[in-house]
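Enquirer: Please see the structure below; I have some questions.
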Amino acid sequence: MSIIREPVIVRPHDSLLHTVKIMTMEYVPKLIVADENEIPLGSISQKDVLNFIYKMGDRELDSVYVSEAMKKDIITVNSSIEPLEASQIMIEKKAPLLIVISDTGKILGMIIKSDLAQYYATLIRGIHKVSEYMSKNPITVNKDSTLDEAIKIILEKNIGRLIVEDNGKILGTITTTDLLYLAPVLKFKDLKIKVKEVMTPTIVVMDENEDLNYAAKLMANRKVKGIPIVSANGELKGIVTTTDIVRALTDEKVRKYLLELKLYTSTF
Numbered sequence: 001m002s003i004i005r006e007p008v009i010v011r012p013h014d015s016l017l018h019t020v021k022i023m024t025m026e027y028v029p030k031l032i033v034a035d036e037n038e039i040p041l042g043s044i045s046q047k048d049v050l051n052f053i054y055k056m057g058d059r060e061l062d063s064v065y066v067s068e069a070m071k072k073d074i075i076t077v078n079s080s081i082e083p084l085e086a087s088q089i090m091i092e093k094k095a096p097l098l099i100v101i102s103d104t105g106k107i108l109g110m111i112i113k114s115d116l117a118q119y120y121a122t123l124i125r126g127i128h129k130v131s132e133y134m135s136k137n138p139i140t141v142n143k144d145s146t147l148d149e150a151i152k153i154i155l156e157k158n159i160g161r162l163i164v165e166d167n168g169k170i171l172g173t174i175t176t177t178d179l180l181y182l183a184p185v186l187k188f189k190d191l192k193i194k195v196k197e198v199m200t201p202t203i204v205v206m207d208e209n210e211d212l213n214y215a216a217k218l219m220a221n222r223k224v225k226g227i228p229i230v231s232a233n234g235e236l237k238g239i240v241t242t243t244d245i246v247r248a249l250t251d252e253k254v255r256k257y258l259l260e261l262k263l264y265t266s267t268f
């Protein structure tokens, strides 16, 4: 299966408001910034947008250029890249996305962590338990905390989601995607909005002894990038994310598993 998706591109002179609209309408967390000749210049993520909005004072979103908020440190790869190689690069370089280019340097596509998690969901099973790759002691926020407090934690810790709880009970999550829908008002830090008013209620949780393949499938089917992990009595044990799934793909056991799959099936 292909791990390369169609590129979603913005220009340096596009507004941040235009970028937010694309991210929410296309449901894509990261965009490529390119010139008119489709040569990549940088990238911009939901966290980049939120970080800029939070610091930009009184400016309106339609007055900010993408070039002011984008990251210029990009990683480009060719279209023949293998999934395991892409995973290795993403983990080692802490890259949010890989930009696939032609021999002439033009953009052909892009790879994000969700694409590699989908690859894991499709082909890898019975190799890893959730407990092996989940992040323990996940960061939580109380349901009555303000939106401002939640944003500060997300940006300071450089994470994509917070688990919302109340007296130890998981109520939901608040993610960069949730916050992006509120982008035009996030600059008003004195807003009295509480986390519980904008969070996504948690419908899916998972036991730590489940196959990691099941977690990857749930993420793909539910279009989420993280799932809280609980014990049999409902105690929060951790969280597993698309980053954790990509990290699992770098395990040597996966390479051996895929070689056997290739030998004995026609999956490839």
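Once you know that position 120 of the sequence shown is 120 in the UniProt record's numbering, the rest is easy, because the numbers rise by one and skip nothing.
Backbone N, C-alpha and C fix where the C-beta goes; we use that ideal spot for every residue, glycine too.
Quick check on the burial criterion: 16 or more other C-beta atoms within 10 angstroms. Buried or exposed for Leu116?
Expert: buried
Enquirer: Looking only at DSSP bridge pairs, what is Lys194 linked to?
Expert: Thr146
Enquirer: Thr250 lies in the beta strand (DSSP E); which residues open and close that run?
Expert: Run containing Thr250: none; DSSP gives neither H nor E here.
Enquirer: What do you reckon, is the C-beta of Lys237 under 7 Å from a heavy atom of the ligand FAD?
Expert: Within the structure as shown, the ligand FAD is missing, as the structure has no ligands at all.
Enquirer: Tell me whether Lys253 is buried or exposed, calling it buried when 16 or more other Cβ atoms sit within 10 Å of its Cβ.
Expert: With fewer than 16 other Cβ atoms within 10 Å, it is exposed.
Enquirer: In terms of residue numbering, what span does the alpha helix (DSSP H) encompassing Asp103 cover?
Expert: Premise fails: Asp103 is in no alpha helix (DSSP H) and is neither H nor E.
Enquirer: Rank Val10, Lys93, Leu162 by C-alpha distance to the C-alpha of residue 348 and give the top, closest one.
Expert: Residue 348 is absent from the model: the chain starts at 1 and stops at 268.
Enquirer: Go ahead and pull the three-state DSSP assignment for Lys71.
Expert: strand
Enquirer: Nearest by alpha-carbon distance to Gly226: which of Lys21, Thr122, Ile139, Ile101 is it?
Expert: Ranking Lys21, Thr122, Ile139, Ile101 by Cα distance to Gly226 puts Ile139 first.
Enquirer: Determine the direct distance from the alpha carbon of Leu108 to that of Thr267, and round the result to whole angstroms.
Expert: At Thr267, the pLDDT of 48 sits below 50, so the modelled position is not reliable; the number obtained from the coordinates is stated separately. Each residue's Cα considered, the two are about 25 Å apart.
Enquirer: Excluding the 5 residues flanking Met1 on each side, which residues of the same chain have their C-beta closer than 7 Å to its C-beta?
Expert: Tyr119, Thr122
Enquirer: Pull up the DSSP beta-bridge partners for Ile126, would you.
Expert: Going by the sequence as given, residue 126 is Gly instead of Ile. None; Gly126 has no bridge partner.
Enquirer: Between the Cα of Leu179 and the Cα atoms of Asp14, Asn51, Glu156, which residue gives the shortest distance?
Expert: Asn51
Enquirer: Rounded to whole angstroms, what is the Cα-Cα separation between Val230 and Asn209?
Expert: 10 Å
Enquirer: Might you give, ordered along the chain, the residues of its own chain that have their beta carbon closer than 7 Å to the beta carbon of Asp35, omitting 5 neighbours on each side?
Expert: Leu41
Enquirer: With Ile4 and Ser79 assumed to form a contact (beta carbons below 8 Å), what rounded beta-carbon distance in angstroms separates them?
Expert: About 7 Å separates the CB atoms of Ile4 and Ser79; that is less than 8 Å, so the two are in contact.
Enquirer: Indicate the three-state DSSP secondary structure (helix, strand or coil) for Asp166 in the structure shown.
Expert: In the structure shown, Asp166 sits in a strand (DSSP, three-state: E or B).
Enquirer: Just checking, does the region 165 to 176 make contact with the region 132 to 152 on the three C-beta pairs under 8 Å criterion?
Expert: yes
Enquirer: Can you give the beta carbon distance from Met90 to Val205, rounded, assuming they're within the 8 Å contact cut?
Expert: The pair is not a contact, with the Cβ atoms about 26 Å apart (cut-off 8 Å).
Enquirer: Pick from Val77, Pro7, Ser87: whose alpha carbon is nearest that of Tyr27?
Expert: Pro7
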